[in-house]
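Asker: Sharing a structure with you now.
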């Protein structure tokens, strides 16, 4: 469909399990009921892993550690002084790789 018509609007896969798309993501909670959070990602990838962070207003990049990024995300939006974004997080050589696969 995308090859024929292009990708002009978002596609919503309502009532579709990730596995139906060939995608694997961590469950919201583990077997002990502990939630999967930003902190979980930092623990699995490494809290001191450097990542490139983009300030959306200026489009300038800076480097944060994953721990600093988690602290930013856990700050209530009303208390943030900037809107920041991360484009990518390389985790293929970390324990997180066993929990996530890209869609097929």
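In the numbering used here, the protein residues as written are 13 to 116.
Built from N, CA and C at the ideal position, the CB exists for glycine as well.
List in chain order: all unbroken beta strand (DSSP E) runs of 3+ residues lying wholly within the stretch 28–91.
Answerer: 62–67 and 73–77, all fully within the stretch 28–91.
Asker: Output the distance between the C-alpha atoms of residue 75 and residue 96, rounded to the nearest integer angstrom.
Answerer: Answer to the nearest angstrom: the Cα atoms are 11 Å apart.
Asker: Apart from the five residues just before and just after residue 38, which ones in its own chain have a Cβ nearer than 6 Å to its Cβ?
Answerer: 48 and 111
Asker: Just mark residue 23 as buried or exposed, buried being the case when its beta carbon has 16 or more other beta carbons within 10 Å.
Answerer: With a 10 Å radius around the Cβ and a threshold of 16 neighbouring Cβ atoms, residue 23 comes out exposed.
Asker: Consult DSSP for residue 106 and reduce its assignment to one of helix, strand or coil.
Answerer: coil
Asker: Quick check: what's the CA-CA separation for residue 92 versus residue 86?
Answerer: 10 Å
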